[in-house]
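Student: If you use the numbering used here, the sequence shown corresponds to residues 3 to 284, in order.
Let me give you the structure first, and then I'll get to my questions.
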Amino acid sequence: MQILDGKATAKQARDEIAVEVASLKNSGKEVSLAVILVGNDPASATYVGAKEKACEAVGIRSVVHRLNENVSQSELLALINVLNLDAGIDGILVQLPLPKHIDEDVITQAIAAEKDVDGFGAASVGRLWSGLASFVPCTPLGVMYLLEKYSIELTGLNAVVLGRSNIVGKPMAALLLAANATVTIAHSHTKNLKQICQNADIIVVAIGRANFLSADMVKDGAIIIDVGINRLENGKLTGDVAYDEVAKKTSYITPVPGGVGPMTIAMLLKNTLAAAKARGKR
Ligand code: NAP
């Protein structure tokens with residue numbers, strides 16, 4: 003069994019990004035990310051703080067707009083419009099979730115396609131499923147980056163994606179399909195989940211339930227990618243995989259923490275750099 007070390011791989015990715023950002027800066031081109039945070043949700047504030055720090059560490063300028071919980075949808079749309087038109091901004095990210103009075107879909111779809119570094123916009127999603135170059139949501143992109151760095155060949159593998167969210171499950175399935183895996187997407191209505199998983203060469207678990215994937219669901223030698231982040235009552239973070247019992251049966255496995263999590267922010271930086279380059283900052 004080999005552990006897929008997301009922490010080390012993310013650092014390597016960030017180092018490579020920093021070199022490219024510095025070389026753009028030397029030619030007078032600054033890479034910039036605008037982040038919008040609405041309200042006072044502590045988890046969202048922590049994520050935005052981590053994104054700000056990560057940008058700073060690689061030399062990307064981040065501009066965080068912190069808006070009051072009561073901001074109206076039209077005010078938020080107006081800000082996005084300003085950022086869409088701002089030639090100095092390469093990428094735009096709206097931290098989710100948004101307060102209930104704001105329609106997340108309307109906001110997500112308002113971000114200009116060429117600045118959609120989270121890859122949630124319809125143009126990005128359509129391009130991804132059509133096999134065209136596109137922004138890819140950061141978490142599944144991070145999973146693919148990790149698999150590639152460990153030279154894991156996916157062609158012909160039976161892949162199961164557990165979870166069908168727009169942020170993780172669906173784009174993950176699109177990427178595995180593009181890498182020539184045979185993909186099954188499972189969700190809360192799936193029947194015979196155990197048998198489906200037992201037949202999988204690779205399982206990506208993204209459902210948000212601690213220790214959900216147990217050893218009896220996994221075949222010997224499987225590759226297990228744990229996207230889940232769950233906080234236990236004792237404050238400890240754990241994934242969706244019952245790590246201790248499952249790890250013994252696997253060929254490769256990601257730990258939590260230190261697996262997929264660190265890859266996500268690194269891929270946001272990668273997408274922001276790609277946005278800047280695509281906008282002519284070469
Ligand atoms: P989500 O939007 O809540 O989606 C959960 C998915 O899991 C849904 O598709 C749901 O099915 C499915 N599901 C729930 N219970 C199930 C069951 N018993 N059997 C099969 N499928 C089941 O979650 P998400 O945003 O994709 O996030 C999933 C997990 O990944 C969470 O723990 C989240 O914190 C974590 N996450 C981590 C990162 C990272 O950077 N590592 C990034 C994003 C998310 P239905 O569609 O039928 O309801």
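For each residue, glycine too, the CB sits at the ideal point set by N, CA and C.
Just so it is clear, the structure is predicted and the values come from calculations on it, not from any experiment.
Under the DSSP definition of a beta bridge, which residues are partnered with A224?
Tutor: Its beta-bridge partners are T252.
Student: Less than 9 Å between the C-beta atoms of C140 and N236, yes or no?
Tutor: No. Outside cutoff.
Student: What does DSSP give as the partner residue(s) for I94 in the beta ladder?
Tutor: According to DSSP, which records beta bridges pairwise, I94 is partnered with A36.
Student: What do you reckon, are the CB atoms on G41 and E18 nearer than 9 Å?
Tutor: Their beta carbons are not under 9 Å apart, which means G41 does not touch E18 by this criterion.
Student: Name the residue from V127, I225, L215 whose alpha carbon lies nearest to the alpha carbon of A161.
Tutor: Comparing Cα-Cα distances from A161 to each of V127, I225, L215, the minimum goes to I225.
Student: For the segment 179 to 208, list the alpha helix (DSSP H) runs that are entirely contained and at least 4 residues long, ordered along the chain.
Tutor: The qualifying runs are 195 to 200.
Student: Can you tell me where the alpha helix (DSSP H) with R129 in it begins and where it stops?
Tutor: Its alpha helix (DSSP H) spans residues 124 to 131.
Student: Could you tell me if the beta carbon of F214 falls within a distance shorter than 8 Å of some heavy atom in the ligand NAP?
Tutor: Flag set: Cβ of F214 near the ligand NAP.
Student: Would T62 pass as a contact of V21 if the rule is Cβ separation under 9 Å?
Tutor: Looking at the sequence shown, residue 62 is not Thr but Ile. In this structure, V21 does not lie closer than 9 Å to I62 by Cβ.
Student: Any heavy atom of the ligand NAP closer than 8 Å to the Cβ of N70?
Tutor: False, no ligand heavy atom lies under 8 Å from that Cβ.
Student: Tell me the rounded alpha-carbon separation between L271 and A56.
Tutor: One C-alpha to the other measures close to 8 Å.
Student: Are there any heavy atoms of the ligand NAP lying less than 8 Å away from the beta-carbon of G51, as far as the coordinates show?
Tutor: It does not: the Cβ of G51 is nowhere closer than 8 Å to a heavy atom of the ligand NAP.
Student: Can you name the residues that DSSP bridges to Q4?
Tutor: Y254.
Student: Quick check: does the Cβ of T186 come within less than 8 Å of any heavy atom belonging to the ligand NAP?
Tutor: No, the ligand NAP has no heavy atom inside 8 Å of this Cβ.
Student: Between which two residues does the beta strand (DSSP E) harbouring N168 extend?
Tutor: Here N168 belongs to no beta strand (DSSP E), and DSSP marks it neither H nor E.
Student: With 16 other CB atoms within 10 Å as the buried threshold, where does T48 fall?
Tutor: Looking at its Cβ environment, which holds fewer than 16 other Cβ atoms inside 10 Å, T48 is exposed.
Student: Where I94 and A36 are concerned, what is the direct C-alpha to C-alpha distance, given to the nearest angstrom?
Tutor: Straight-line Cα distance between these residues: approximately 5 Å.
Student: For L78, does the count of other Cβ atoms within 10 angstroms reach 16, so buried, or fall short, so exposed?
Tutor: The residue is buried, with at least 16 neighbouring Cβ atoms inside 10 Å.
Student: Three-state secondary structure (DSSP) at R63?
Tutor: Residue state, collapsed to three classes: strand.
Student: Once DSSP output is grouped into helix, strand and coil, what is the label at A212?
Tutor: It is coil, neither helix nor strand.
Student: For D107, is the classification buried or exposed, using 16 other Cβ atoms within 10 angstroms of its Cβ as the cut-off for buried?
Tutor: D107 is exposed by the Cβ-count criterion.
Student: Expressed to the nearest angstrom, what Euclidean distance is found between the alpha-carbon atoms of A157 and L69?
Tutor: The question names Ala, but residue 157 in the sequence shown is Thr. Straight-line Cα distance between these residues: approximately 45 Å.
Student: Considering only heavy atoms of the ligand NAP, list every residue whose Cβ is less than 5 Å from one of them, following chain order.
Tutor: That query returns the following residues: T141, G165, R166, S167, I169, V170, H189, S190, A208, I209, G210, V229, G230, I231, V262, G263, T266.
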